[in-house]
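Please read the structure below before turning to the comments.
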Ligand SMILES: Nc1ncnc2c1ncn2[C@@H]1O[C@H](COP(=O)(O)OP(=O)(O)OP(=O)(O)O)[C@@H](O)[C@H]1O
Ligand SMILES: [Mg+2]
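Numbering (the numbering used here), first residue to last: 23 to 370.
Following this line, the structure appears as structure tokens:
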């Protein structure tokens, strides 16, 4: 066990205490500084290390093996030079400074690593939330598809078959006609069932394919809100991370939801352009536009998550959202995301 005394409890001393305190081979036997409120003095008291405002007391400690002077003070340096204790190692002057700078650097890089780790953890949590949300949203959508489409069609079929039964003897010609209609309805029911099965595909969000998912979303959206919706996708999505695709999909979804809620538009175009080092998505509507500076000032509107959430998602992908709009001008939302080489070159 190396018993160490530290003179000087400013930045240098504090770093030394931090690092040496956690070293199992070292015991800090005392810390001295003329200022009893110096940061290192407070830290030492917290860690139950003896402190003193008179450094000379440390020079007299019987069991000290090393004295480190980080004061830069000439009087202390002279006193250490005159110290007549050959068994005590003294580290002072530029050597001590170099040492604590190295230690500070080490602490800084550790903090940096921890910060990165925290950032990745929060990104991961958000990602997991997105995936869960996406899955439950998909389930709702599929349930609605079945309820609004297939179930209605089958109910219609049952009604037509009832009619047939009624006309079987009374009006065979009408019965034959109804039977023919029933066949057509049955065909469309089969088609709808196929569609539902097809729609199940994007459920596998870890392999979400942006292109079909967007096409399908746009088709349903156009039908539901009677807004002519076009989608174009340039470049290959095959090497994008699932995270990038899911976040992008959610940004586009929110932009489209805003078009439907606020724009009064008759047309909207979604364009996605994937290049080697960047990805750009634009959602352009021909609606009434809005006064962005005004909205930014309105705390109630700005508190809602839509536009903010879009920016946040883009930021988490290292990118940003640009909003180009003005009253009477329509709105264009542009999302720029840089792609890392790895992302592009990664297989599968
Ligand atoms: N495409 C658009 N056309 C016209 N106005 C828009 C458009 N997109 C956004 N806005 C305006 O910007 C405001 C903020 O949009 P944002 O998506 O942040 O909130 P919201 O849609 O009102 O609420 P939320 O998204 O939380 O349900 C909207 O209230 C609307 O006034
Ligand atoms: Mg919104």
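Where a beta carbon is used, it is the ideal one built from N, C-alpha and C, also for glycine.
Candidates 261, 308, 241 and 204: closest to residue 231 by CA position:
Translated into the one-based positions of the chain shown, residue 231 becomes position 209. Cα-wise, what sits closest to residue 231 is 261.
Taking 7 Å as the cut-off, is the beta-carbon of residue 307 closer than that to any non-hydrogen atom of ligand 1?
For the purposes of this step, residue 307 is taken as residue 285 along the chain shown, with counting starting at 1. The answer is yes for residue 307.
I need the straight-line Cα distance from residue 360 to residue 332, nearest angstrom please.
On the chain shown, position 338 is the one that residue 360 refers to. On the chain shown, position 310 is the one that residue 332 refers to. Approximately 16 Å, taken between the alpha carbons.
Looking at the secondary structure, which residues open and close the alpha helix (DSSP H) in which residue 36 lies?
What you label residue 36 is simply residue 14 of the chain shown in a count that begins at 1. That run of the alpha helix (DSSP H) goes 33 to 43.
Our contact map puts residue 59 next to residue 129 with C-beta atoms below 8 Å; I'd like the distance itself, whole angstroms only.
The sequence position of residue 59 within the chain shown is 37, counting from 1. The sequence position of residue 129 within the chain shown is 107, counting from 1. Contact doesn't hold; Cβ gap of about 22 Å is too wide.
Roughly how many angstroms separate the alpha carbons of residue 71 and residue 87, rounded to a whole number?
Reading the chain shown from its first residue, position 49 is the one you call residue 71. Reading the chain shown from its first residue, position 65 is the one you call residue 87. Spanning the two alpha carbons is a distance of roughly 16 Å.
Please say whether residue 305 and residue 249 have beta carbons closer to each other than 8 Å?
Start at 1 with the first residue of the chain shown, and residue 249 comes out as number 227. Start at 1 with the first residue of the chain shown, and residue 305 comes out as number 283. No, these two residues do not count as a Cβ contact at 8 Å.
According to the Cβ coordinates, are residue 92 and residue 34 closer than 8 Å?
Position 70 of the chain shown, counted from the first residue, corresponds to residue 92. Position 12 of the chain shown, counted from the first residue, corresponds to residue 34. Contact flag set, yes.
Among 271, 264, 247 and 336, which residue has its Cα nearest to the Cα of residue 281?
What you label residue 281 is simply residue 259 of the chain shown in a count that begins at 1. Selected option, being the one with the closest Cα: 247.
Give the straight-line distance between the Cα atoms of residue 253 and residue 213, rounded to the nearest whole angstrom.
On the chain shown, residue 253 is found 231 positions in, with the first residue counted as 1. On the chain shown, residue 213 is found 191 positions in, with the first residue counted as 1. Cα-Cα distance, rounded: 24 Å.
Tell me whether the beta-carbon of residue 23 lies closer than 8 Å to the beta-carbon of residue 38.
Stepping through the chain shown from its first residue, residue 23 is reached at position 1. Stepping through the chain shown from its first residue, residue 38 is reached at position 16. Going by C-beta atoms, residue 23 is not nearer than 8 Å to residue 38.
With a cut-off of 8 Å, do at least 3 Cβ pairs link the stretch 290 to 298 to the stretch 265 to 278?
yes
May I ask you to report which of helix, strand or coil DSSP gives residue 169?
As a first step, residue 169 is located in the chain shown; it is residue number 147 there, counting from the start. Reduced to three states, the DSSP call for residue 169 is helix.
Euclidean distance between Cα positions of residue 3 and residue 73:
A question about residue 3 goes unanswered here, because the residues of the chain that appear run from 23 up to 370.
Assuming residue 338 and residue 145 make a contact with CB atoms under 8 Å, what is their CB distance in whole Å?
As a first step, residue 338 must be located in the chain shown, where it is residue number 316. As a first step, residue 145 must be located in the chain shown, where it is residue number 123. The pair is a contact, with the Cβ atoms about 6 Å apart (cut-off 8 Å).
Assuming the contact rule is C-beta atoms closer than 8 Å, residue 270 and residue 303 should be a hit. Round their C-beta distance to whole Å, please.
On the chain shown, position 248 is the one that residue 270 refers to. On the chain shown, position 281 is the one that residue 303 refers to. Confirmed, about 6 Å.
Going by the CB atoms, is the gap between residue 110 and residue 125 shorter than 8 Å?
For the purposes of this step, residue 125 is identified with residue 103 of the chain shown, where counting begins at 1. For the purposes of this step, residue 110 is identified with residue 88 of the chain shown, where counting begins at 1. No; because the gap between Cβ atoms is not below 8 Å, this pair is not in contact.
According to DSSP, is residue 346 part of a helix, a strand, or is it coil?
Translated into positions along the chain shown, residue 346 becomes position 324. Strand at residue 346.
Per-residue DSSP class, three states only, for residue 291
Here the question's residue 291 lines up with position 269 in the chain shown. In this structure, residue 291 counts as strand in the three-state DSSP scheme.
Hey, would you say residue 311 sits closer than 8 Å to residue 349, going by beta carbons?
The sequence position of residue 311 within the chain shown is 289, counting from 1. The sequence position of residue 349 within the chain shown is 327, counting from 1. Closer than 8 Å, so yes.
Does ligand 1 have a heavy atom nearer than 7 Å to the CB of residue 261?
Walking along the chain shown from the start, residue 261 turns up at place 239. Checking every heavy atom of ligand 1 against the Cβ of residue 261, none is found closer than 7 Å.
Check whether the stretch 74 to 84 and the stretch 92 to 106 are in contact - that is, three or more C-beta pairs closer than 8 Å.
yes
Is residue 322 close to ligand 2? I mean its beta-carbon at under 7 Å from any heavy atom of the ligand.
To locate residue 322, count along the chain shown from 1; it is residue 300. No; taking the cut-off as 7 Å, the Cβ of residue 322 has no heavy atom of ligand 2 nearer than that.
Can residue 296 be considered in contact with ligand 1, in the sense that its beta carbon sits closer than 7 Å to one or more heavy atoms?
Taking the chain shown and counting its residues from 1, one reaches residue 296 at position 274. Result no, Cβ not under 7 Å from ligand 1.
Just the Cα atoms here: how many angstroms apart are residue 210 and residue 184?
If you number the chain shown from 1, residue 210 lands on position 188. If you number the chain shown from 1, residue 184 lands on position 162. Roughly 19 Å separates the two Cα atoms.
Whose beta carbon lies closer than 6 Å to any heavy atom of ligand 2, going through the chain in order?
276, 279, 280 and 328
Three-state secondary structure (DSSP) of residue 29:
Sequence index remark: in the chain shown, residue 29 carries index 7 (1-based). It is a strand residue.
Put residue 72 into one of helix, strand or coil per three-state DSSP.
If you number the chain shown from 1, residue 72 lands on position 50. In the structure shown, residue 72 sits in coil (DSSP, three-state: anything other than H, G, I, E or B).
Among 182, 136, 85 and 300, the one whose alpha carbon lies nearest that of residue 202:
As a first step, residue 202 must be located in the chain shown, where it is residue number 180. Of the candidates 182, 136, 85 and 300, the one whose C-alpha sits nearest the C-alpha of residue 202 is 182.
Assumed close pair residue 357, residue 340 - CB separation to whole angstroms, cut-off 8 Å
Start at 1 with the first residue of the chain shown, and residue 357 comes out as number 335. Start at 1 with the first residue of the chain shown, and residue 340 comes out as number 318. Not really, about 12 Å apart at Cβ, beyond 8 Å.
Locate the alpha helix (DSSP H) running through residue 248, then write down its first and last residues.
Counting from one through the chain shown, the residue named residue 248 turns up at place 226. Note, residue 248: premise wrong, no alpha helix (DSSP H); not H, not E.
Roughly how many angstroms lie between the CA atoms of residue 51 and residue 43, to the nearest whole one?
Numbered from 1 along the chain shown, position 29 holds the residue referred to as residue 51. Numbered from 1 along the chain shown, position 21 holds the residue referred to as residue 43. Between residue 51 and residue 43, the C-alpha separation is close to 10 Å.
Nearest by alpha-carbon distance to residue 256: which of 233, 56 and 313 is it?
The count along the chain shown starts at 1 and reaches residue 256 at position 234. The shortest C-alpha separation from residue 256 is found at 233.
Would residue 85 pass as a contact of residue 147 if the rule is Cβ separation under 8 Å?
By one-based count along the chain shown, residue 85 stands at place 63. By one-based count along the chain shown, residue 147 stands at place 125. Their beta carbons are not under 8 Å apart, which means residue 85 does not touch residue 147 by this criterion.
Identify every run of the alpha helix (DSSP H) within the stretch 260 to 288, keeping only runs that are complete inside it and at least 4 residues long; order them along the chain.
264 to 280
If you draw a straight line from the alpha carbon of residue 225 to that of residue 344, how long is it in whole angstroms?
Here the question's residue 225 lines up with position 203 in the chain shown. Here the question's residue 344 lines up with position 322 in the chain shown. Legend: pLDDT at residue 225 = 38, less than 50; position of this residue unreliable, value from coordinates given subsequently. About 30 Å.
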